[in-house]
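For the sequence shown, the working numbering gives the first residue as 195, with consecutive numbering after it.
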Amino acid sequence: MKKVLFGIVTITALAVYFFQTQPHTEAVEQAEQVKPTTTEPNVDNKEQPNDNSPQQVVNKLKKQISLCRDQSQQQSNKVQLLNQSLVSFFVSELKKGTSVSTLLKYENLSENNKHQYIALLRDAIVAEQKQQFNISYSLNELASWQGIEAIKGFTNDKLKEMIQQLGDNKHSPPGLTLSVPLDENVQKETLYALLSNTDTFTTYSKTFFKLKGSEVISPATLFVLNANKFTPKEFEQAISANQFTVNEVATAIKNDIPNEYIIALLQQVPVLDAMPLYEKNTVLYNLADIAVSKFNLPLVKALQQKGIVPTNEPGLFTGLDVAIVNLPKSANLTLAPLNTKNTELLDYLKKRGYKAHSGNANEVLNSKGVFFVNDFIYQQGAYINKQDNPAQYAYFSPIEEISNAELPKVTTADNSDIATFLIDIEQQKNELQARSNNCNDLHKDLRSAEQLVGIRQAYNQVWNANEEHGDQSAAVLHAIDPVLVNYWFTSLNNQHSYDRSQSTFSELLSKEQYQKAYEYSLSTVLTQAETDRLFSLLLLKPDDLITLWQSRVEPKPPSDLLRLSSLPLSQWQKLKQAGFDFSITDVYGRDVYIQAMFASNDIVQFLIDNKIPTDAKKLGVDILDLALEQSYNQGKLSKTVPLALRIVKEFEPNHLARVARLKMFYPEVYQQLIQLNPALKPALGTELNHYMFDNH
């Protein structure tokens, strides 16, 4: 582990050595937070309660849930292993010659949803294809290439130095990727040197380096990406002694390298009908499919002369599917106007008998449309509505469709190896799910034992009150429990559709043009979204933005103060030094004490020391509610209770309900509490609170 950590640090340091990094903001270190989350209670009391006491019943359930949580992680890992075994099975079937279309027919036998089943099958296709190429996962390979200087900032010596620093960690640390660009000023001598990597010319390096413009890195790839450094004739002559693979052709097509270079490159590829390597979700079978995706009709025709045509497999995908999903469109599947390049390719495919997979089109009254979607291709389809877009509908409606709903499917297990394997996998998953369901029941049992209502039911109560009482809901909800008032505020906040688009003011903040933003705020009332954006940045950069915040033409409050809960004490102190007014409230009148409670005891003390006011009589939870809830969740008297008692002098039913909860479940904590203030002793029969506050 130490070596892995050392390796990651070293890689990061050397990345800075290689490249000029972007400026970054100073990270705000996180203080230890005291959050009222449900934790295992501290039960190391002098006298253990009997087995049937409310405390022991709850403790047992919490221990069972804790065990379930550990088991759940183990079950999740087992499900991932089962999915990986399915990928391995698919690979073995593909090697035996089983078609992808055949494997797709069995998706109904899998408990995985359709998209996950297809995703696992795509993973298998990619994994099987990787076995057809030379792939290296070690930096040693990369460091030995001649012409590596084609990547900006790279030299053989620098890579060897990195390898030496990494020691045994020469492979990609999990989750680490460094994007590297080409050197735009690369010399031709360097490019010619790439051609001299005879043994490793088409060996693909798979490390934490990601080359911009390509899914693979090889000497051949680097040369092709620099084709524009040569004239077409020079390029043809330079590559005449080298053999390439379909991967370099795919890279050239995707990067819009002119066709005259690609045609020359095709002459140097011994196997043109292979599938290129893919790392993303979309898997296209051959070079013609990629050419279709770029609407490169001349190249599609050139490939056809070499026997490479777009895929045409009903149930899988067709070239027309590829073209349609790559048409420019908006987020709601609406197509943009087609250009000549689009229609010429579409017409070419239609004349050759290609069909397109379709979904269910909307046909309501006078509305009629065509809907093209392919489940295998991980891209957005297209919907053309006749009423809204008659011209495009007239163009697309004659296309022959392959109905996804009518494709042949295996719905009951047959005697095939595929069915047998899928049924076995699902039986194992069902067993794991049964255990998970038992754990879910424990959560219900715990809520019942604690006499608590879940957050979903709490919001149902809020919405019902809102429908019945409208603007008077806050008082009604407070009488039930002040927690519900805060949830009502959150609900109202979520209903507001603040414009989150990039405004002039927001753009000035993003570009750190604070003086111009200041001048803007002196004459223009900020929107709520702009106010919230400014407030969130102010918390991180008080010295830069405090003047702007204080000088707004209208001092609109933020929507909420939630971000304060993540700041350490040092940042609160920095805000005070800059002149920030902690008596601020949000649009619903909530002050900073709630968020201070979720930050740390020291921050609550900081607010008290600085005489920051709070209105203990306002509607909604107060600091004492939260301190008592913390005590219950921690199973011991919270350190914030004495602080809260300095602020809250009058005790309300909601406070006493929480004290009654402590009395029932943690009698010794209750005794410690009433020693601090005997007035907190609840009357006999006081009902427990049924809601606990969740800060969101």
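Where is the CB? At the ideal position from N, CA and C, for every residue including glycine.
DSSP places H663 outside any beta strand (DSSP E); the residue lies instead in the alpha helix (DSSP H), whose first and last residues are I649 to H663. Nearest in C-alpha terms to K488, of all of L460, A458 and N449, is N449. Counting C-beta pairs closer than 8 Å gives three or more between the stretch 405-416 and the stretch 335-353, which meets the contact rule. Distance check between V656 and each of I345, L686 and D639 places L686 closest, using alpha-carbon atoms only.
In the structure shown, E507 adopts extended strand secondary structure according to DSSP, grouped into three states. Taking the Cα positions, Q622 is about 36 Å away from D888. Around the Cβ of G575, a 10 Å sphere holds 16 or more other Cβ atoms; the residue is buried. In this structure, DSSP gives K289 a helical state, which the three-state scheme calls helix. In the structure shown, F774 adopts coil according to DSSP, grouped into three states.
Between H890 and L818, the alpha-carbon positions lie close to 19 Å from each other.
By the CB criterion at 7 Å, Y548 and L514 fall inside the cutoff. Separation of the CB atoms of V781 and P807 is rounded to 18 Å, and the pair is thereby denied contact status at 8 Å. Put simply, the backbone Cα of Q325 is about 22 Å away from that of F570. Counting along the chain, the unbroken beta strand (DSSP E) around F403 starts and ends at F403 to L405. Looking at the backbone, the Cα of Q461 and that of E701 are separated by about 50 Å. Counting only runs of 4 or more residues that sit fully inside the stretch 368-440, the alpha helix (DSSP H) segments are 382-389, 413-419 and 426-433, in chain order. Less than 7 Å divides the Cβ of A485 from the Cβ of I447.
Rounded to the nearest whole angstrom, the CA to CA distance from R757 to T614 is 53 Å. The residue among I259, L678, P531 and A673 with its C-alpha nearest the C-alpha of F590 is P531. Between Y300 and V670 the beta-carbon gap is near 56 Å, outside 8 Å, which marks them as no contact. For Y885, there is no enclosing beta strand (DSSP E), as DSSP marks it with neither H nor E.
Distance between N624 and L882, taken at the CA atoms: about 39 Å. For L529, the pairing in a beta bridge is given by DSSP as K523. Counted as a single uninterrupted DSSP element, the alpha helix (DSSP H) harbouring E862 occupies residues P861 to L870.
According to the DSSP assignment, Y712 belongs to no beta strand (DSSP E) but to the alpha helix (DSSP H) extending over Y708 to S717. Rounded to whole angstroms, the Cβ separation of L388 and F348 is 12 Å, and the two are not in contact under 8 Å. Pairing F402 with L372 gives a Cβ-Cβ distance under 7 Å. Note on geometry: alpha-carbon atoms of P861 and A643 lie some 16 Å from one another. If you look at S552, you'll find it in the beta strand (DSSP E) that goes A550 to S552.
DSSP places V486 within a helical segment (H, G or I) once states are collapsed to three. Taking 7 Å as the cut-off, the beta carbon of G509 is found no closer than this to the beta carbon of L370. A direct Cα-to-Cα measurement between L376 and L353 gives close to 16 Å. When the alpha-carbon of T415 is set against those of Q431, L616 and T396, the nearest one is in T396. Per the DSSP secondary-structure output, N687 pairs with nothing in a beta bridge. About 11 Å separates the beta carbon of Y455 from that of A432, a gap too long to meet the 8 Å contact definition.
Within a 10 Å sphere around the beta-carbon of K256 sit 16 or more other beta-carbons, which makes this residue buried.
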